[in-house]
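> Just so we're aligned, residue 1 is where the sequence shown starts under full-length UniProt numbering, counting upward by one. Beta carbons are placed, not taken as given, at the ideal position from N, Cα and C, and that holds for glycine. Keep in mind the model is a prediction, meaning the values are calculated, not measured.
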Amino acid sequence: MTNPETSETCLLCIPIRKGVLFLIFVGFILNTMSAVWAWTVAGSLLFERPVADNSNASIIAVYNSAILSVSIAAAVYSVCALFALWGGWAAYKRRASHFKVFTMIYAILTAITLILLIWNPAASSIVTSVLSIYWTYVYFTYWRIIKGKAKEAITTHPQEGTERGAEGGAAAEAPKETA
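1) Relative to the C-alpha of L45, which residue among M33, F25, L68 and C80 is closest?
2) Check C10 in the structure and name its three-state DSSP category.
3) What does the alpha-carbon distance come out to for the pair T110 and S55?
4) Would A74 be called buried (16 or more neighbouring beta carbons within 10 Å of its own) or exposed?
5) L30: which of R49, A107, I59 and V79 sits nearest, CA to CA?
6) What separation, rounded to the nearest whole angstrom, lies between the Cα atoms of Y137 and W39?
7) Taking the DSSP output, what are the residues bridged to P121?
8) Nearest CA to the CA of I133: which residue from N3, L23 and S71?
9) Taking 8 Å as the cut-off, decide whether the C-beta atoms of I16 and Y106 are in contact.
10) Can you grab the Cα-Cα spacing for the pair I108 / G43, in whole Å?
11) Kindly indicate the opening and closing residues of the alpha helix (DSSP H) around R17.
12) Tell whether a beta-carbon distance below 8 Å holds between A90 and F83.
13) On the three-state DSSP scale, how would you describe A84?
14) Assuming Y92 and A35 form a contact by the criterion Cβ under 8 Å, report the distance between their Cβ atoms to the nearest whole angstrom.
15) Taking the alpha carbon of residue 198 as the reference point, which residue from I118, L114 and L85 has its own alpha carbon closest?
16) What whole-angstrom Cβ distance do R94 and K149 have, given they're in contact under 8 Å?
17) Would S7 be called buried (16 or more neighbouring beta carbons within 10 Å of its own) or exposed?
18) Restricting to Cα atoms, I'd like to know which of V62, V26, V127 and I60 is closest to A81.
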């Protein structure tokens, strides 16, 4: 019987587990770099904002708007970096339930991106959206694999499914006293 983690591939040549871990790692690095850049820009805009007086109220309004926009982008990139870190942990530890939630949220974010693409069609956005659809498929495929492995592990080792001493656990292994 073949191992699904080695028979399924990402980009037709990389084993799916390595491909998923690599994709999540790249996503984490890109989101972290974007968050650091955005927080730096927000800080510099805050530092360069002119002192408030009546003559430059419109300039201050523009600065405040830019600071707010960049700060929101920085917060979103920071959350996405943490999200990728969590997805990487779930993939590395083969936590099917966590990775399922990660995959579903990623699919929802991809759908939102595609909807927003309707209002701002750009060639670069189309390419990244198509790649996001493929990555969603790769994540879903890997989730199916680790979900199957979790079921297989429970059926072959039922004592691992009970942690608190229920049937088949530690309580069942204790010696019984006979009178």
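Considering the structure as presented:
1) Check the Cα spacing between L45 and each of M33, F25, L68 and C80: the tightest is with L68.
2) strand
3) 45 Å
4) The residue in question, A74, is buried, as its Cβ has 16 or more Cβ neighbours within 10 Å.
5) It is V79.
6) Straight-line Cα distance between these residues: approximately 32 Å.
7) According to DSSP, which records beta bridges pairwise, P121 is partnered with nothing at all.
8) Across the set N3, L23 and S71, the C-alpha of L23 shows the shortest separation from the C-alpha of I133.
9) No, Cβ-Cβ distance for I16 and Y106 is not below 8 Å.
10) 31 Å
11) I16 to E48
12) no
13) helix
14) Rounded, the Cβ-Cβ distance is 22 Å, inconsistent with contact.
15) Residue 198 is absent from the structure shown; the chain starts at 1 and stops at 179.
16) 6 Å
17) Label assigned to S7: exposed.
18) V26
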